[in-house]
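One structure is given below, encoded as structure tokens.
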Amino acid sequence: MIDKFREDVLSVVDHVHDGASIAVGGFGSSGRPDVLLDALCELDRRDLHVYVNNVGHDFTGVGRLLHEGRLRRVTASFPILQEFYDEYFAGKVELELIPQGTLAERLRAGGSGIPAFFTPSGAGTMLADGSFTLRYSPDGGVAEHVPAKEHRMINGRQYVLEEGIVADFGFVKAHRGDRKGNLRFRLSARNFNPLAAMSGRHTFAEVEHLVEVDALHPDDIHLPGVFVDDVLLATPAPADQPLMERSAS
Amino acid sequence: MIDKFREDVLSVVDHVHDGASIAVGGFGSSGRPDVLLDALCELDRRDLHVYVNNVGHDFTGVGRLLHEGRLRRVTASFPILQEFYDEYFAGKVELELIPQGTLAERLRAGGSGIPAFFTPSGAGTMLADGSFTLRYSPDGGVAEHVPAKEHRMINGRQYVLEEGIVADFGFVKAHRGDRKGNLRFRLSARNFNPLAAMSGRHTFAEVEHLVEVDALHPDDIHLPGVFVDDVLLATPAPADQPLMERSAS
Amino acid sequence: MTRTLPATEVTGRTREGIAQRLAQDLKDGYVVNLGVGIPLFVPLFIPADTEVVLHAENGVLGLGPAPEGEGDPDLTDAGKQAITLMPGAAITDSAMSFAMIRGGHLDVTVLGALQVSAAGDLANWYVPGKSPAVGGAMDLVAGTPQVWVTMEHVDRQGRPKILPECTMPLTGRACVTRIYTDLAVFHVVDGTLRLVECAPGVTPEQVRERTAAPYTEDLHP
Amino acid sequence: MTRTLPATEVTGRTREGIAQRLAQDLKDGYVVNLGVGIPLFVPLFIPADTEVVLHAENGVLGLGPAPEGEGDPDLTDAGKQAITLMPGAAITDSAMSFAMIRGGHLDVTVLGALQVSAAGDLANWYVPGKSPAVGGAMDLVAGTPQVWVTMEHVDRQGRPKILPECTMPLTGRACVTRIYTDLAVFHVVDGTLRLVECAPGVTPEQVRERTAAPYTEDLHP
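Protein chains in written order, with our numbering: chain A, 231 to 479; chain B, 231 to 479; chain C, 12 to 232; chain D, 12 to 232.
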């Protein structure tokens with residue numbers, strides 16, 4: 231019988247190897263899977279390639295991974311964190327900067343068996359023409375550029391070819407989830423979470439509320455359980471509270 | 231103030247011109263927008279290009295359009311109807327046959343500003359190599375083939391390039407809808423409906439229940455109103471029943 | 012195609028029996044899409060302690076058995092038949108449904124075949140001259156890691172359906188991973204066919220007489 | 012870039028005033044995405060009888076005003092600020108949000124600019140040497156039919172920001188359709204700039220002195 235719920239976060243995240251690529255949900259701190267990200271730190275994982283919209287504005291979430299030197303590359307649209315840029319310009323972390331909509335669509339495409347698609351976003355700009363710096367050298371020079379992307383005129387307009395992202399792992403946070411992995415998000419905490427889940431070859435979901443299998447109506451499920459491998463609690467339940475609950479939205 | 235509800239179906243569908251392309255939701259008769267399709271017949275529209283999964287198994291819905299000789303071309307995965315094939319082999323209607331997942335993705339892509347994407351589905355088959363007959367001549371010979379599609383090896387696998395579909399109009403059916411155009415579907419009647427709505431430059435939605443604007447929770451809306459231009463009743467309400475209702479799922 | 016009919020008579024599994032044999036290979040937790048025909052018998056034979064999640068490409072994940080009585084017109088499978096839902100079922104639109112399929116999130120797709128080639132090519136959507144319709148077959152065989160074919164071993168004229176090359180239009184290339192027929196079970200290993208099992212009462216010779224494609228034998232008694 | 016500063020002093024619209032002027036051009040029913048900076052003043056000036064649906068690229072369609080008090084951490088705009096929702100609001104994931112944007116389903120995007128070129132090219136995401144971040148700007152200018160720029164007419168050094176060609180990295184080519192500054196309103200018509208309005212108390216000469224790009228004049232009194 232299918233039961234994807236796991237009580238112990240560390241033993242689940244232990245499957246993530248050094249050097250892994252991880253698609254991470256969340257927009258800023260909204261809907262960000264902090265329990266999963268923190269587990270990477272406790273397990274001392276390094277050399278990670280993270281696909282995420284923002285690095286964050288402080289040393290929590292992906293910001294903590296950055297601060298502890300665990301990131302090899304970040305693929306993002308809006309990293310923000312100043313310490314991230316310091317590390318980037320020092321050649322300690324790579325930045326593949328892409329438009330936000332391209333990040334969303336690349337994650338969805340990778341999870342959907344679409345290896346590449348054309349988009350107008352970024353066509354003819356330095357994010358597509360091969361001039362953006364992926365990695366600086368320690369002396370401040372350019373060590374490597376993001377490769378130029380294929381451009382094509384379609385119906386008189388210029389488009390750029392972008393690749394689907396299949397990450398080794400998906401890290402997501404949901405409001406409610408059941409033991410089959412079905413997820414439901416709350417308000418704008420949904421954002422990149424369903425897409426990060428789709429992109430991961432193996433996806434972990436931390437949920438605020440674990441609900442019974444028939445508590446989510448089939449029409450109300452935002453992400454079907456087929457995209458989720460392990461379900462964890464976002465906040466370990468206090469001892470005096472029941473693990474299982476049927477919460478209202 | 232935005233109010234997309236229209237009482238009179240014919241005056242709305244009257245915007246559809248002869249020769250128009252229409253993306254139609256539904257899977258078989260499930261979720262099929264029959265009120266809108268019937269209006270095309272009453273308005274005597276002809277020479278239509280319909281994007282739809284099935285023509286149907288009888289002379290209702292798209293089957294009625296076929297039966298009345300209103301179709302120039304059908305883009306579909308599973309036409310089924312025998313009279314459709316009779317007309318096809320007689321050169322009276324064109325058939326662009328594509329895989330079902332490709333139809334779904336092409337409709338979504340077109341509505342999402344993605345002009346083309348690569349998919350493994352159909353690569354190296356006669357649905358992609360230019361050998362499938364788009365149109366027969368009256369004498370039974372081949373008048374025109376579906377053009378060959380670009381193939382490309384990506385990471386050692388063969389893919390085919392498919393184009394997004396932007397239809398002149400989207401015809402969809404929903405279970406519930408509000409005056410802002412927000413839609414909610416019921417069970418497997420959802421199918422192609424959100425995608426047909428996205429694909430249409432101008433989209434009509436017939437709804438079983440018109441609900442008040444705050445009756446659908448923002449997390450429960452399957453298709454935001456931004457994709458819908460006109461909302462109609464799937465079944466005109468009897469005179470003794472209130473037009474507006476707040477129905478449970 | 013010009014082979015003469017085999018001399019010996021043979022009776023292997025029934026259509027239900029093919030589905031029953033295949034059902035033994037489904038593992039707990041598998042997500043499976045079932046085509047029309049023989050595959051639709053498979054659910055009858057899934058053991059009670061094995062949870063197999065059934066997927067229908069019109070957007071249903073977690074199909075239950077047919078309803079008693081009329082059924083709900085808003086709840087049908089990909090063959091437009093009324094269905095029920097299992098606890099934990101989820102509904103999606105067709106793009107998301109095929110995202111699951113194309114993205115490799117299903118485990119097995121079970122479908123019928125007109126022909127299978129020695130390399131695992133599949134032809135199952137179109138008999139030239141007849142009415143063409145493809146549905147989701149090309150997406151299913153392109154996206155699903157395991158593609159299991161169920162079919163009669165030979166056609167109604169007694170001609171082999173497992174051939175060196177398919178002569179009918181392909182659904183996909185090198186996609187089939189297993190073949191379950193009335194006479195035998197084949198696995199496709201490293202791009203070649205391997206006979207792993209004969210049906211009860213069927214001999215390897217009888218299978219050989221009715222199979223035009225080359226294959227190796229690795230029979231488990 | 013080597014132009015000397017204009018001799019005359021000029022005081023045009025305030026930042027709020029630019030937003031107020033732009034808000035007059037929003038039509039009932041428009042769906043609008045607002046960038047950070049001056050665009051965030053726009054909602055203050057939308058007339059009560061005009062319904063403008065505000066979109067945030069993190070998946071919110073139908074933003075309301077800022078909450079009184081703390082707000083809900085699960086309900087923020089694209090600038091991570093707490094928001095409320097209007098009746099009829101809808102939430103989507105980020106892929107659907109950008110499907111709206113890229114697919115042309117919004118009417119107007121309003122954003123700030125570092126530079127705008129004579130052909131309507133926009134540079135607004137990256138000052139070389141500073142910290143690069145792009146967010147949704149490239150998708151917004153690629154997908155939205157009307158791209159309205161709000162900005163100060165000249166930079167802090169008094170140098171024109173409306174130039175023959177942008178010297179900073181582009182966000183998009185030939186995408187800007189209108190420019191609202193403290194001094195003037197330009198429309199981009201057939202790929203060229205047209206001055207359609209000077210701010211109250213500003214003369215066409217003062218605009219010309221502070222604009223490096225060529226443009227035509229079609230001033231409505």
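Ideal Cβ placement from N, Cα and C applies to all residues, glycine included.
Inset, instruction - Following the continuous beta strand (DSSP E) through C/A106, name the residue where it begins and the one where it ends. - result: That residue, C/A106, is in no beta strand (DSSP E); its alpha helix (DSSP H) goes 105-113.
Inset, instruction - Have a look at A/A373, A/D369, A/E438 and flag the residue whose alpha-carbon is nearest the alpha-carbon of A/F362. - result: A/F362 has its Cα closest to that of A/A373, out of A/A373, A/D369, A/E438.
Legend entry - Cβ shell of A/R336 (< 7 Å), same chain only, five flanking positions each side left out: Once the five neighbours on either side are set aside, the close Cβ partners of A/R336 are E392, E393, G394, I395.
Inset, instruction - Evaluate B/N423 with the Cβ neighbour count: other Cβ atoms within 10 Å of its Cβ, from every protein chain shown; 16 or more gives buried, anything less gives exposed. - result: Buried: at least 16 other Cβ atoms inside 10 Å.
Inset, instruction - My understanding is that C/N44 touches C/T120, with C-beta atoms under 8 Å, so please give their C-beta distance in whole angstroms. - result: The Cβ separation is near 5 Å, so the contact holds.
Inset, instruction - Give a yes or no on whether 8 Å exceeds the smallest Cβ distance from C/P98 to chain B. - result: Answer no: the Cβ-Cβ gap between C/P98 and chain B never drops below 8 Å.
Inset, instruction - Starting from A/M356, find everything on chain D with Cβ-Cβ shorter than 7 Å and list it in chain order. - result: Those are P180, listed as they occur along chain D.
Legend entry - Pairwise C-alpha distance: A/G400 and A/R431: Approximately 7 Å between the Cα atoms of the pair.
Inset, instruction - Keeping to the same chain, check which residues put their C-beta closer than 7 Å to that of B/D450; ignore five residues upstream and five downstream. - result: Residues R414 of the same chain have their beta carbon placed closer than 7 Å to that of B/D450, with the five preceding and five following residues left out of the count.
Legend entry - Beta-carbon spacing of A/E313, A/L364 below 8 Å: Against a cut-off of 8 Å, the Cβ pair of A/L364 and A/E313 comes out as no contact.
Legend entry - D/D104: contacting residues in chain A (beta-carbon distance under 9 Å): A334, R338, F415, R420, N421, F422, N423, P424, L425, H452, L453, listed in chain order.
Inset, instruction - Indicate whether at least one CB of chain C lies closer than 8 Å to the CB of B/S260. - result: Closer than 8 Å: yes.
Legend entry - D/M149 in three-state terms, based on DSSP: D/M149 carries a helical assignment under DSSP once its states are collapsed to helix, strand and coil.
Legend entry - Cβ-based neighbour list, D/A101, same chain, cut-off 7 Å, excluding 5 preceding and 5 following: Cβ within range, chain order: L72, G73.
Inset, instruction - State yes or no: is the beta carbon of A/P448 nearer than 8 Å to at least one beta carbon in chain D? - result: Against chain D, the CB of A/P448 has no partner CB under 8 Å away; the residue lies outside that interface.
Legend entry - A/G370 classed as buried or exposed, judged by whether at least 16 other C-beta atoms fall within 10 angstroms: By the neighbour-count rule (16 or more Cβ atoms within 10 Å), A/G370 is not buried but exposed.
Inset, instruction - Assign C/N44 to one of three DSSP states: helix, strand, or coil. - result: In this structure, C/N44 counts as strand in the three-state DSSP scheme.
Inset, instruction - Report buried or exposed for B/I384, applying the criterion of at least 16 other Cβ atoms within 10 angstroms of its Cβ. - result: Exposed is the call here.
Inset, instruction - Please confirm whether C/V42 and C/V21 have their CB atoms less than 8 Å apart. - result: Their beta carbons are not under 8 Å apart, which means C/V42 does not touch C/V21 by this criterion.
Legend entry - Selected residue, minimal CA-CA separation from B/T355, among C/R184, C/G23, C/H198: Put simply, of C/R184, C/G23, C/H198 the residue whose alpha carbon is nearest the alpha carbon of B/T355 is C/R184.
Legend entry - Cross-chain neighbours of C/P143 in chain B, by beta carbon under 7 Å: At a beta-carbon threshold of 7 Å, the residues of chain B lying near C/P143 are L327, ordered along the chain.
Legend entry - A/V458 versus A/V441, A/E436, A/P448, A/G299, residue with shortest Cα-Cα distance: Per the Cα distances, A/E436.
Legend entry - Cutoff 8 Å: D/N69 Cβ touching any chain A Cβ: Chain A, which has a Cβ nearer than 8 Å to the Cβ of D/N69, makes this yes.
Legend entry - Buried/exposed call for C/T214, threshold 16 Cβ in 10 Å: Its Cβ having fewer than 16 others within 10 Å, C/T214 is exposed.
Legend entry - Anticipated Cβ contact below 8 Å, A/A427 with A/L462, distance rounded: The Cβ separation is near 13 Å, so there is no contact.
Legend entry - Burial state of C/G227 (16 or more Cβ within 10 Å): Looking at the sequence shown, residue 227 of chain C is not Gly but Thr. Under this definition C/T227 is an exposed residue.
Legend entry - Distance cut-off 7 Å: C/G75 Cβ against heavy atoms of the ligand NAD: The model depicted lacks the ligand NAD and carries no ligand whatsoever.
Legend entry - Pair within 8 Å by beta-carbon distance, C/A30 and C/V47: No, they are not a contact pair.
Legend entry - Those runs of the alpha helix (DSSP H) which lie wholly inside the region 132-203 of chain D and span at least 4 residues: Runs of the alpha helix (DSSP H) lying entirely within the region 132-203 of chain D and spanning at least 4 residues, in chain order: 148-154.
Inset, instruction - Would you please verify whether the beta carbon of B/T498 is less than 8 Å from any beta carbon of chain A? - result: Residue 498 of chain B lies beyond the range of chain B shown here (231 to 479); nothing can be said about it.
Legend entry - CB contact check: A/I252 to chain B, cutoff 8 Å: Interface with chain B (8 Å Cβ-Cβ cutoff): A/I252 is excluded.
Legend entry - Helix, strand or coil at B/H297 according to DSSP, with G and I counted as helix: Three-state DSSP puts B/H297 in a helix.
Inset, instruction - Could you tell me whether the region 91-106 of chain C touches the region 246-265 of chain A, using the rule of 3 or more Cβ pairs below 8 Å? - result: The region 246-265 of chain A and the region 91-106 of chain C do not touch, with fewer than three beta-carbon pairs separated by less than 8 Å.
Legend entry - chain D contact for B/V443 (CB, 8 Å cutoff): It does: the Cβ of B/V443 has a partner Cβ on chain D nearer than 8 Å.
Inset, instruction - Determine the closest residue to B/T332 out of C/K141, C/W159, C/L122, C/G154, with distance taken between C-alpha atoms. - result: Between B/T332 and the set C/K141, C/W159, C/L122, C/G154, the nearest pair of CA atoms involves C/G154.
Inset, instruction - Classify A/A397 as helix, strand or coil using the three-state DSSP reduction. - result: Three-state DSSP puts A/A397 in a strand.
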